[in-house]
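Asks: Residue numbering for the sequence shown follows our numbering, starting at 7 and increasing by one per position. Even for Gly, the Cβ is constructed at its ideal location relative to N, Cα and C. For clarity, every value in this text was computed on a predicted model and none was experimentally measured.
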Amino acid sequence: MKLQIPELRKPGKGTFTTTAEAVREWIENLPLTNIDKTVTLLEGALDEINSYAIPDSERLDSLEQFARPVAHIKYSLRKKYLGRPIPVKDSALAYADKSIDICLRMANGYKILALILEQTGKAGPQMAMAIHRAIRYYSEILISNYQTYAQYPDGMWGDVHALYALADKHGMATQAITDITTQHEVTATIEDIYKQILLLSLACPYRLRQNEIRQVYDLLTQWAPYSKLLDSGDEDMSGFIACQQGSDDPPAYKALRQTDRADSPCKFLSTRDMADPINATLSQYRSSQQHIGLPEEKTLQRLLMSWGVMPKRRFTRHRQDNEVRLLLGLNNIHEVIAEPVNSAETAGDSDDHTIRDSEYLRDPTFEQSTTFNVDWLTGLDTNGNGPITDAAQNKAHPGSVITTPDKSPVETWKVQDISAGGYSLLRDTDKTSGAQVGELVAINTDAEKDENSWHLGVIRWMKSTRHRELELGIQMLAPGAKAICADIDNEQSSVENKMNGILLPEIKTLNQPATLLLPSLPFRVGCTTTLQQDKSEERIKLTQQLENTGRFAQFLFAQTE
Numbered sequence: 007m008k009l010q011i012p013e014l015r016k017p018g019k020g021t022f023t024t025t026a027e028a029v030r031e032w033i034e035n036l037p038l039t040n041i042d043k044t045v046t047l048l049e050g051a052l053d054e055i056n057s058y059a060i061p062d063s064e065r066l067d068s069l070e071q072f073a074r075p076v077a078h079i080k081y082s083l084r085k086k087y088l089g090r091p092i093p094v095k096d097s098a099l100a101y102a103d104k105s106i107d108i109c110l111r112m113a114n115g116y117k118i119l120a121l122i123l124e125q126t127g128k129a130g131p132q133m134a135m136a137i138h139r140a141i142r143y144y145s146e147i148l149i150s151n152y153q154t155y156a157q158y159p160d161g162m163w164g165d166v167h168a169l170y171a172l173a174d175k176h177g178m179a180t181q182a183i184t185d186i187t188t189q190h191e192v193t194a195t196i197e198d199i200y201k202q203i204l205l206l207s208l209a210c211p212y213r214l215r216q217n218e219i220r221q222v223y224d225l226l227t228q229w230a231p232y233s234k235l236l237d238s239g240d241e242d243m244s245g246f247i248a249c250q251q252g253s254d255d256p257p258a259y260k261a262l263r264q265t266d267r268a269d270s271p272c273k274f275l276s277t278r279d280m281a282d283p284i285n286a287t288l289s290q291y292r293s294s295q296q297h298i299g300l301p302e303e304k305t306l307q308r309l310l311m312s313w314g315v316m317p318k319r320r321f322t323r324h325r326q327d328n329e330v331r332l333l334l335g336l337n338n339i340h341e342v343i344a345e346p347v348n349s350a351e352t353a354g355d356s357d358d359h360t361i362r363d364s365e366y367l368r369d370p371t372f373e374q375s376t377t378f379n380v381d382w383l384t385g386l387d388t389n390g391n392g393p394i395t396d397a398a399q400n401k402a403h404p405g406s407v408i409t410t411p412d413k414s415p416v417e418t419w420k421v422q423d424i425s426a427g428g429y430s431l432l433r434d435t436d437k438t439s440g441a442q443v444g445e446l447v448a449i450n451t452d453a454e455k456d457e458n459s460w461h462l463g464v465i466r467w468m469k470s471t472r473h474r475e476l477e478l479g480i481q482m483l484a485p486g487a488k489a490i491c492a493d494i495d496n497e498q499s500s501v502e503n504k505m506n507g508i509l510l511p512e513i514k515t516l517n518q519p520a521t522l523l524l525p526s527l528p529f530r531v532g533c534t535t536t537l538q539q540d541k542s543e544e545r546i547k548l549t550q551q552l553e554n555t556g557r558f559a560q561f562l563f564a565q566t567e
C-alpha cells in the first residue's frame with residue numbers, strides 16, 4: 007500500500023489539548039456563525055492533532071467530536087460556491103478549496119489512526135471506524151471536485167483503494183458501522199461506501215448538473231449494496247468494472263483496463279444485481295408526483311445503462327484549431343433567429359436547408375438504443391438531463407441550481423475536436439462562462455461569412471482543467487430552427503402569457519420528426535398549446551416529452567382541430 011504516516015511529535019506546552027473534555031469545550035466555543043474564523047480554527051486544530059503522537063483512543067475521540075462542526079461548515083461553504091459561474095474563481099474558488107481542505111484534514115486524521123493501528127497490530131473496531139470515516143471524507147473531496155467540474159487532486163483514488171484493501175485484509179470490509187458524517191446517521195459497511203464512490207465515478211459526474219451529483223450519490227446509499235466486489239476467477243467477467251487497487255486510477259470497464267499486473271491487485275465490480283432496485287426507483291418516480299431528491303427520469307435511465315454497458319464511440323473525432331461563437335440559452339437563441347442579420351435578404355429562405363446527415367445526431371431520445379462514452383474529455387455520445395426548473399420565471403424548485411451571469415450571451419470558444427455528433431470546446435481566458443450542463447446553445451462556426459448560420463446543440467458535459475480553463479462537450483441537435491411563441495390554452499391565455507420557443511425541422515433522411523424546444527415549465531405532455539409562427543397561429547397537442555434538461559424541454563407534437 008502507498009499509505010504513509012507523517013512524522014509525529016509529542017505535544018508541547020501551549021499546544022492544542024486533545025483530551026476529550028478539552029476538545030468538547032473547545033468545540034462548544036466555536037463561532038459557527040463566523041464561517042471564515044471557524045474554518046481557520048478548525049484547520050489549525052486538525053493540523054496539530056494530525057502532527058501529534060497521542061493515544062489512539064484520544065485521537066479517535068477528538069476526530070469524532072470534530073464531525074459535527076465540520077459537517078456544519080461544509081454545508082455553509084457549499085452555498086458559497088455551488089451555482090456560481092464555471093470555472094469557479096475568486097472568492098467562490100476559495101470557499102470550494104476550504105471545503106476540500108477541511109475534509110482532507112479529517113481524512114488524513116483517520117488515515118493516520120488506521121495506519122498506526124495496523125503497525126501496532128491492533129486491528130479491531132477502532133481501525134474499522136477509522137477506515138470507514140477516511141473513505142467517507144475522501145468521497146466528499148471527490149464530490150466537491152465533481153460539483154465544481156474540477157480535476158480532483160492526485161492521490162485521492164490511491165488512498166481510497168488502499169484503505170479498502172486494508173479493511174479487506176483484516177476481514178472488516180463488511181462490518182456495519184454507524185456513519186456520523188451524514189446529515190442523518192445511517193449504518194453502512196466499508197465495502198458499501200467504497201462501492202458508492204466507485205459507482206458515482208462510473209456515472210460520469212461531469213455530465214451531471216451540480217445538484218444531480220449529490221442526488222445520485224445519495225441514491226447509491228440504497229443501490230450500492232446490490233453490487234458485488236469480486237476477486238479474479240474463472241467465471242465470466244465480461245462487462246465487469248476493474249478497480250486497480252495499487253494505482254491512483256478511478257474504476258474503469260475491465261475491457262479498457264489492464265488487470266494482469268503482478269504488482270497491482272485488482273478487484274472487479276459486478277453491477278448485475280443493481281437493475282431491480284434502480285427500476286424500483288424508476289417505478290416510484292413514474293407513480294408519484296413528489297420527485298424531491300430524485301434526478302430526472304431520463305437521468306435515472308442513463309445511470310442504469312452506464313453501470314451495465316461498456317461505452318462505445320459512434321463517431322470518429324477530428325482535431326480542429328479554430329474559434330466559434332457560442333450563444334447560450336433558449337431565449338437568447340430565439341431572439342437571434344427571430345430577427346436575423348440582413349433579414350430582408352434571407353426572408354423566405356428559412357425552409358430551404360441543405361442538411362448534411364453525417365453532421366447531426368439522431369434526436370437524443372431513449373426511443374432508440376443509446377451508447378455512452380467513457381472518454382468524456384474529448385467527445386460526446388450521451389444524453390444528460392437535469393432537475394426541473396422554472397425557466398420562464400428564472401426560479402428554481404428546491405434543490406436545483408440556476409446561474410445567471412451578468413454577461414453577454416455570446417461567448418468565444420476554441421474548437422478542440424469535432425465529430426459527426428458534436429464539438430469539444432475549450433475556453434482558455436480568465437473569464438467565467440454562463441455555460442451549464444443541459445443548456446441549449448447555438449454555434450456559429452464562420453461568423454464573418456454568415457451571421458445567421460447558427461446550429462443548435464446542447465451542452466452534455468463540462469470540466470474545469472488544472473489551469474482553470476473550461477472544456478465543454480456539445481451534442482448537435484439540428485441544422486436549422488424557427489423561432490416560435492407558445493402558450494397553454496386556458497382561460498388566462500393572452501399575448502403576455504406567450505413564451506419563447508424553438509421549432510426544430512423534420513429531417514426525413516434520419517427519420518427524425520419535427521420537435522419543439524420550450525421552457526421546462528409549465529408545458530407538459532397532453533396539454534394543448536397555441537403556436538405562433540410569424541403571423542400565423544395553429545393549435546397543437548404535446549404528445550411526448552423527449553427530454554427535460556432543466557434549461558429546456560423537448561417535445562413531439564401533433565396538430566389538433
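Should D540 be labelled buried (16 or more other beta-carbon atoms within 10 Å of its own) or exposed?
Replies: Exposed.
Asks: Does the distance from the CB of L334 to the CB of V447 come in under 7 Å?
Replies: Yes. Within cutoff.
Asks: DSSP state of R331, grouped into three classes?
Replies: Reduced to three states, the DSSP call for R331 is strand.
Asks: Leaving out five residues on either side along the sequence, give the residues of the same chain with a beta carbon under 6 Å from the beta carbon of E146.
Replies: Result list for E146: C109, in chain order.
Asks: Look up M162 in the DSSP assignment and say whether it is helix, strand or coil.
Replies: DSSP places M162 in helix when its eight states are reduced to three.
Asks: Taking the alpha carbon of A484 as the reference point, which residue from T521, T451 and I494 has its own alpha carbon closest?
Replies: Looking at the Cα atoms, T521 is the closest of the given residues.
Asks: Run through the DSSP bridge pairs and tell me what I465 is partnered with.
Replies: Its beta-bridge partners are I480.
Asks: Across which residues does DSSP place A258 in a beta bridge pair?
Replies: Paired residue(s): A248.
Asks: Kindly indicate which three-state DSSP category S470 falls into: helix, strand or coil?
Replies: Strand, per DSSP.
Asks: How close, in whole Å, do the beta carbons of T193 and T180 come, if the pair is a contact with beta carbons under 8 Å?
Replies: Not quite, the Cβ-Cβ distance comes to about 12 Å (not below 8 Å), so this is no contact.
Asks: If you compare alpha carbons, which of T21, V166 and I508 is closest to L148?
Replies: Nearest of T21, V166 and I508 to L148, Cα basis: V166.
Asks: Taking the straight line between their C-alpha atoms, what separation do you get for S253 and W163?
Replies: Roughly 8 Å between the two C-alpha positions.
Asks: On the CB-based measure, 16 or more other CB atoms within 10 Å of its CB, does Q216 come out buried or exposed?
Replies: Answer is buried; the Cβ neighbour count reaches 16.
Asks: Check for me: the beta strand (DSSP E) holding E417 runs from which residue to which?
Replies: Counting along the chain, the beta strand (DSSP E) containing E417 begins and ends at V416 to I424.
Asks: Distance, Cα to Cα, I1 vs E341?
Replies: Residue 1 is absent from the model: the chain starts at 7 and stops at 567.
Asks: Output yes or no for whether 7 Å exceeds the beta carbon distance between L36 and P93.
Replies: No, Cβ-Cβ distance for L36 and P93 is not below 7 Å.
Asks: Leaving out five residues on either side along the sequence, give the residues of the same chain with a beta carbon under 6 Å from the beta carbon of V29.
Replies: The answer, listed in chain order, is S68 and Q71.
Asks: Assign M505 to one of three DSSP states: helix, strand, or coil.
Replies: It is a strand residue.
Asks: In its own chain, which residues sit with a C-beta less than 7 Å from the C-beta of M280, not counting the 5 before and 5 after it?
Replies: The residues are W229, Y232, S233 and W313.
Asks: Let's see if you can read the secondary structure: which residues bound the beta strand (DSSP E) around D185?
Replies: First-last of the beta strand (DSSP E) with D185: A182 to D185.
Asks: Checking the sheet assignment: what are the DSSP bridge partners for T534?
Replies: DSSP, once it has assigned bridges, lists K547 as partnering T534.
Asks: For a test of the three-state rule: what should DSSP assign to V45, helix, strand or coil?
Replies: The answer is helix: DSSP assigns V45 an H, G or I state.
Asks: Would the stretch 476-491 count as touching the stretch 423-436 if we require 3 or more Cβ pairs under 8 Å?
Replies: Verdict: yes, contact present.
Asks: So, do the stretch 113-133 and the stretch 216-226 have three or more beta carbon pairs nearer to each other than 8 Å?
Replies: No: the two stretches stay apart, fewer than three of their Cβ pairs being nearer than 8 Å.
Asks: In the DSSP output, what is K273 paired with across the bridge?
Replies: According to DSSP, K273 bridges with C249.
Asks: Just to confirm my understanding: we take L208, look at its own chain, exclude 5 residues before and 5 after, and list those with CB closer than 7 Å. What are they?
Replies: These residues qualify, in order along the chain: I247, P257, S312 and W313.
Asks: Whose C-beta lies closer than 6 Å to the C-beta of K437 among residues of the same chain, with five residues either side of it excluded?
Replies: Within the same chain, K437 has no close Cβ partners at all.
Asks: Between Q189 and E302, what straight-line distance do the alpha-carbon atoms span, to the nearest angstrom?
Replies: Rounded to the nearest angstrom, the two C-alpha atoms are 23 Å apart.
Asks: If you draw a straight line from the C-alpha of A268 to the C-alpha of E417, how long is it?
Replies: Residue placement at A268 is poorly supported in this model, since its pLDDT is 49, which falls under 50; the coordinates still yield a value, given next. Near 49 Å, if we compare the C-alpha coordinates of E417 and A268.
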